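Enquirer: The opening residue of the sequence shown carries number 117 in this note's numbering; numbering runs sequentially from there. Here a beta-carbon is modelled for each residue, glycine too, at the ideal position from N, C-alpha and C. Note that this is a predicted model, so its numbers are computed, not measured. Here it is, the structure in full.
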Amino acid sequence: MITKFATFAAVVLALFVFGAAFYSYASNAANNITPSITTSRYIMFGGAYRVSSELKGQPGASKEENGVFKIDTYTGKAWILKVMAMPDGQRVEKWFPVSEE
Numbered sequence: 117m118i119t120k121f122a123t124f125a126a127v128v129l130a131l132f133v134f135g136a137a138f139y140s141y142a143s144n145a146a147n148n149i150t151p152s153i154t155t156s157r158y159i160m161f162g163g164a165y166r167v168s169s170e171l172k173g174q175p176g177a178s179k180e181e182n183g184v185f186k187i188d189t190y191t192g193k194a195w196i197l198k199v200m201a202m203p204d205g206q207r208v209e210k211w212f213p214v215s216e217e
């Protein structure tokens with residue numbers, strides 16, 4: 117009788133420990149940086165941005181361009197989509213990281 121109870125208690129304890137460990141692992145995922153709204157991992161949007169010129173003789177000159185941006189809501193990193201036309205007529209689309217410099 118004591119052996120059956122000890123076995124039952126060990127199985128229940130093992131299930132509890134496994135469940136607690138699994139819950140702890142699942143809750144350690146990266147937090148969403150936008151807790152006030154429900155979002156997916158990435159947010160994409162279009163917008164205008166200003167490009168400053170660093171050429172000699174044109175200090176402070178800038179122009180406004182439009183772009184498509186992707187933000188990782190878990191890390192806060194951002195990318196811009198660049199579309200390039202190749203000499204053979206093909207179109208290449210690539211995401212480039214946005215630096216804070």
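#1: Note the first and the last residue of the continuous beta strand (DSSP E) segment covering LYS186.
#2: Can you give the beta carbon distance from ALA194 to ILE187, rounded, assuming they're within the 8 Å contact cut?
#3: Do GLY192 and GLY162 have their C-beta atoms within less than 8 Å of each other?
#4: Looking at the secondary structure, which residues open and close the beta strand (DSSP E) in which VAL208 lies?
#5: For LEU197, name the three-state secondary structure that DSSP assigns.
#6: To the nearest angstrom, how far is it from the Cα of VAL218 to the Cα of ILE196?
#7: Can you check whether the CB of GLU181 is closer than 8 Å to the CB of ALA164?
#8: Hey, could you find the ends of the beta strand (DSSP E) MET67 is sitting in?
Expert: Checking against the coordinates, here is how it stands:
#1: As a working mapping, residue 186 is identified with position 70 in the sequence shown. Note, LYS186: beta strand (DSSP E), 178-188.
#2: Your numbering for residue 194 matches position 78 in the sequence shown. Your numbering for residue 187 matches position 71 in the sequence shown. Going by Cβ atoms, the distance from ALA194 to ILE187 rounds to 5 Å, so yes, they are a contact pair.
#3: Taking the sequence shown and counting its residues from 1, one reaches residue 192 at position 76. Taking the sequence shown and counting its residues from 1, one reaches residue 162 at position 46. No, the Cβ-Cβ distance between GLY192 and GLY162 is not below 8 Å.
#4: Here residue 208 corresponds to residue number 92 of the sequence shown, with the count starting at 1. Per DSSP, VAL208 belongs to the beta strand (DSSP E) from 207-213.
#5: Within the sequence shown, the letter at position 81 stands for residue 197. If DSSP states are grouped into helix, strand and coil, LEU197 belongs with the strands.
#6: Because the chain spans 117 through 217 in this model, residue 218 falls outside it and cannot be assessed.
#7: As a working mapping, residue 164 is identified with position 48 in the sequence shown. As a working mapping, residue 181 is identified with position 65 in the sequence shown. It is a contact, given that the beta carbons lie within the stated cut-off.
#8: Residue coverage of the chain in this structure runs from 117 to 217, which leaves residue 67 outside it and unanswerable.
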